[in-house]
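Beneath this line is the structure, given in structure tokens, with notes to follow.
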């Protein structure tokens with residue numbers, strides 16, 4: 001096992017990796033921007049180094065600075081977390097050239113899967129189902145219109161280098177197609193540095209289902225079950241669960257084996273996720289996430305496998321300690337991403353100081369967080385406060401437990417999407433497992449949200465007041481105890497003089 005690793009990330013995921021390291025006896029190095037100098041993750045690590053000013057381009061995306069800290073501290077490996085440089089082939093390559101182990105797949109695999117066109121082609125060769133479409137890069141509008149007519153509308157125009165829901169647009173007519181091509185090219189060029197686009201058939205009413213994989217360097221590759229990630233806004237996930245409500249043992253085996261086939265085709269090693277769209281009884285390859293997923297916690301809860309620890313062990317060259325037959329799905333788990341954002345204002349970020357904070361707890365509740373009361377959420381990065389996960393013996397219990405946990409969660413000082421989550425979980429279609437990637441629009445979630453938001457605001461104000469009264473009482477007791485101890489100390493000193 002490694003003696004020391006560097007975590008090239010921030011917030012809750014940095015702490016998540018550090019916790020695994022602490023249990024394995026591995027020393028940790030944090031890198032932080034000036035905006036994160038007082039962040040919890042920077043204090044939690046064994047060593048911490050500032051790598052630049054707040055903009056991520058000058059800190060968390062600064063490859064040279066991160067490699068320099070790794071060399072200076074003697075870190076044997078770097079864990080990239082998710083986001084930032086986690087799927088950056090240049091960063092993985094820089095680690096390899098510096099003789100530092102990148103805890104993830106090879107730079108070659110990352111680069112190959114970073115292009116959706118290349119990934120699609122590889123999956124076709126591997127015999128994995130792909131969304132109907134055309135895998136060619138679109139060079140001109142005439143070709144695009146010809147492809148559109150052959151596939152049939154609606155279509156999805158995609159940036160080949162896209163990710164995180166960026167660089168995608170649904171079109172229903174040839175006129176919309178030509179406008180979308182120009183728009184997506186511009187977005188792709190400015191965001192990813194690659195203006196290549198392609199076209200697929202748009203699947204209406206799809207579900208987003210993904211398969212977690214683990215692969216070692218000895219050729220073993222396993223799937224750890226499935227996750228449903230259909231509750232999304234602007235193609236970004238908000239609620240995830242394991243297993244999917246529609247999953248059967250047969251479907252899980254088919255999709256799992258397809259994911260393993262995909263991973264072996266590209267020579268994948270370490271933890272990764274193969275994402276699929278599911279529609280009308282069929283599933284289609286979407287993409288490979290060559291990193292640890294935000295929602296990995298729900299898979300850990302239903303399998304009992306610590307995915308981060310396995311990442312470290314695989315990166316050390318160890319063989320996976322279990323086989324496919326050992327993987328068992330127990331119960332149901334749900335994750336809500338708790339973000340500092342205003343769902344009533346188009347989910348606008350809500351940075352600022354957390355004046356009161358009380359996370360949920362109790363049976364079956366897991367909170368992966370990087371904040372605390374008094375913490376200032378900076379405006380420079382993702383607005384995630386925490387990942388709230390629950391486990392239940394079945395889906396019904398998991399939903400009830402999540403509702404209870406959301407009720408307990410108190411964040412005062414910034415707006416959060418907790419009311420949004422409470423609204424979604426109260427909808428009958430969610431309880432029934434009738435989910436699609438259009439769930440928010442189909443069920444007019446935002447209209448029902450306002451009433452819940454007002455109720456939550458009043459409840460948080462009441463609980464905040466109670467917490468403030470409690471803190472005042474604790475402070476008063478502490479002052480009294482301090483006075484008593486000082487008096488006793490003076491008495492003892494007087495007695496010793498006599």
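Residue numbers (UniProt numbering): 1 to 498.
Just so it is clear, CB atoms sit at the ideal spot from N, CA and C, and this is done for glycine as well.
All of these numbers come straight from a predicted model, not from anything done at the bench.
Of the residues the options, the one placed nearest residue i, counting alpha carbons only
| i | options | result |
| --- | --- | --- |
| residue 11 | 404, 426, 415 and 386 | 386 |
| residue 156 | 180, 58 and 18 | 180 |
| residue 399 | 377, 424 and 168 | 424 |
| residue 206 | 431, 278 and 261 | 278 |
| residue 350 | 257, 411 and 329 | 411 |
| residue 356 | 373, 48 and 215 | 373 |
| residue 67 | 89, 100 and 50 | 100 |
| residue 69 | 167, 274, 403 and 6 | 6 |
| residue 104 | 260, 118, 80 and 121 | 80 |
| residue 320 | 443, 331 and 307 | 307 |
| residue 318 | 219, 298, 379 and 256 | 219 |
| residue 330 | 9, 41 and 301 | 301 |
| residue 73 | 53, 148 and 48 | 48 |
| residue 379 | 54, 37 and 9 | 54 |
| residue 193 | 163, 203, 174 and 173 | 163 |
| residue 235 | 168, 108 and 393 | 168 |
C-beta contact flag for residue i and residue j at 8 Å
| i | j | result |
| --- | --- | --- |
| residue 158 | residue 112 | no |
| residue 391 | residue 364 | yes |
| residue 293 | residue 82 | yes |
| residue 102 | residue 95 | yes |
| residue 87 | residue 290 | yes |
| residue 258 | residue 367 | no |
| residue 233 | residue 440 | yes |
| residue 2 | residue 214 | no |
| residue 500 | residue 201 | Within the shown structure, residues of the chain are numbered from 1 to 498, placing residue 500 beyond reach of any answer. |
| residue 254 | residue 314 | no |
| residue 344 | residue 242 | no |
| residue 177 | residue 142 | no |
| residue 340 | residue 377 | yes |
| residue 265 | residue 89 | no |
| residue 284 | residue 276 | yes |
| residue 381 | residue 106 | no |
| residue 39 | residue 370 | yes |
| residue 388 | residue 375 | no |
| residue 199 | residue 134 | yes |
| residue 337 | residue 402 | no |
| residue 59 | residue 46 | no |
| residue 309 | residue 24 | yes |
| residue 438 | residue 429 | no |
| residue 347 | residue 417 | yes |
| residue 182 | residue 188 | no |
| residue 119 | residue 288 | yes |
Whole-Å CB distance - residue i paired with residue j, under 8 Å assumed
| i | j | result |
| --- | --- | --- |
| residue 110 | residue 92 | 5 Å |
| residue 211 | residue 226 | 6 Å |
| residue 161 | residue 221 | No, residue 161 and residue 221 are not in contact; Cβ-Cβ is about 26 Å, not under 8 Å. |
| residue 245 | residue 395 | 6 Å |
| residue 422 | residue 435 | That pair is no contact at about 17 Å. |
| residue 185 | residue 170 | So it is not a contact: roughly 16 Å between Cβ atoms. |
| residue 35 | residue 14 | No, residue 35 and residue 14 are not in contact; Cβ-Cβ is about 14 Å, not under 8 Å. |
| residue 76 | residue 22 | Actually they are not in contact, since the Cβ atoms of residue 76 and residue 22 sit about 16 Å apart, beyond 8 Å. |
| residue 303 | residue 224 | 5 Å |
| residue 191 | residue 166 | 6 Å |
| residue 342 | residue 451 | About 16 Å separates the two Cβ atoms, so there is no contact after all. |
| residue 295 | residue 335 | 5 Å |
| residue 123 | residue 131 | About 10 Å separates the two Cβ atoms, so there is no contact after all. |
Those residues which DSSP pairs with residue i across a bridge
| i | result |
| --- | --- |
| residue 184 | None; residue 184 has no bridge partner. |
| residue 275 | 210 and 287 |
| residue 21 | Its beta-bridge partners do not exist; DSSP assigns none. |
| residue 426 | DSSP, once it has assigned bridges, lists no residue as partnering residue 426. |
| residue 28 | 5 |
| residue 410 | 358 |
| residue 270 | 215 |
| residue 447 | Partner(s): none; residue 447 has no beta bridge. |
| residue 166 | 163 |
| residue 171 | 155 |
| residue 282 | 279 |
Residue-level contact to chain D via CB, residue i, 8 Å cutoff
| i | result |
| --- | --- |
| residue 60 | Chain labels in this structure do not include chain D; a single protein chain is all it has. |
Quiz item: What residue ranges within the stretch 304–366 form continuous alpha helix (DSSP H) runs of no fewer than 4 residues, ordered along the chain?
Solution: 307–315
Quiz item: Enumerated in chain order, which unbroken segments of the beta strand (DSSP E) with a length of 3 residues or greater are wholly contained in the stretch 190–265?
Solution: 197–201, 207–215, 221–233 and 236–242
Quiz item: Considering only residues of the stretch 37–112, which uninterrupted alpha helix (DSSP H) runs meet the minimum length of 4 residues and lie entirely inside it, listed in chain order?
Solution: 40–44, 63–73 and 89–97
Practice problem: With a floor of 3 residues, list each beta strand (DSSP E) that falls wholly inside the stretch 368–408, ordered by position along the chain. | Solution: 384–392
Self-check item: Whole alpha helix (DSSP H) elements within the stretch 104–161, 4-residue minimum
Solution: 107–114, 116–126 and 141–151
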